Amino acid sequence: MKLILSLFLTSSLFLTLGLKKENTVRFKEVTYADGFYTYQDRKLTGEIIDYYEDEVLKFRYRVVDGYLHGTAYEYYHDGSVKTERTYRFNKLHGEYTEFFDSGDVKISFDVEMNAYGGGEKVEGIEYASKPGKKLKDMGNGVLFFFEQGKELDKTSESLSILQQSKIEIRKEEGGKVIYKN
């Protein structure tokens with residue numbers, strides 16, 4: 001019995017020492033370089049947050065060992081959710097939903113994989129042109145990121161949070177624009 005208790009305490013101590021301290025850090029205190037988010041010269045584990053000028057929460061991104069990982073939220077000034085998206089090791093992957101300020105879904109889709117130099121493939125696009133309108137099935141497409149009107153030729157895992165705020169979704173065939181924010 002003493003041996004079992006001793007093994008349990010020893011393994012608990014190793015597990016505790018191995019856990020990283022989680023931080024909640026404001027965006028302006030974080031450095032993004034070489035695909036990693038760092039805080040005080042260490043890879044960040046915790047959350048990156050930012051606020052509007054009047055200290056209302058603007059966004060919250062989950063970070064694990066320097067990578068965006070988990071569900072990220074952007075908020076309207078009134079506190080309602082603007083976007084909800086999922087990351088896996090800095091890669092936008094899985095569910096992405098953008099809402100009108102009324103709370104109705106504006107657009108939703110699943111980010112699947114890189115189109116290798118041609119955006120990121122998305123599936124199951126549903127879009128509503130106005131609040132209260134029924135979501136329309138738009139099929140599949142390709143997601144692109146923009147910065148100051150210029151298309152970025154990188155995928156989500158190589159772009160910082162701020163470079164992922166302007167998007168455009170095009171049909172795979174012909175490149176017709178389905179959505180632009």
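Numbering of the sequence shown is given in this note's numbering, commencing with residue 1 and proceeding in unit increments.
By construction, the Cβ of each residue, glycine as well, lies at the ideal position given by its N, Cα and C atoms.
As the structure is a prediction and not an experimental result, all values here were calculated from the model.
Span separating the alpha-carbon of Thr-38 from that of Gly-70: Rounded to whole angstroms, Thr-38 and Gly-70 show a C-alpha spacing of 17 Å.
Alpha helix (DSSP H) segments (min. 4 residues) lying fully within the segment 58 to 144: List check, alpha helix (DSSP H) in window: nothing returned.
Does the beta carbon of Glu-84 sit closer than 9 Å to a beta carbon anywhere in chain B? This model lacks chain B altogether, as it is built from one protein chain only.
How is the beta strand (DSSP E) around Thr-24 delimited, first residue to last? Residues 23 to 26.
Counting pairs of Cβ atoms below 8 Å between the segment 73 to 82 and the segment 149 to 160, do you hit three or more? The segment 149 to 160 and the segment 73 to 82 do not touch, with fewer than three beta-carbon pairs separated by less than 8 Å.
Report yes if the CB atom of Val-81 is closer than 9 Å to the CB atom of Tyr-96, and no otherwise. Cβ distance not < 9 Å, so Val-81 and Tyr-96 don't count as in contact.
Boundaries (first-last residue) of the beta strand (DSSP E) holding Asp-50: Counted as a single uninterrupted DSSP element, the beta strand (DSSP E) harbouring Asp-50 occupies residues 46 to 51.
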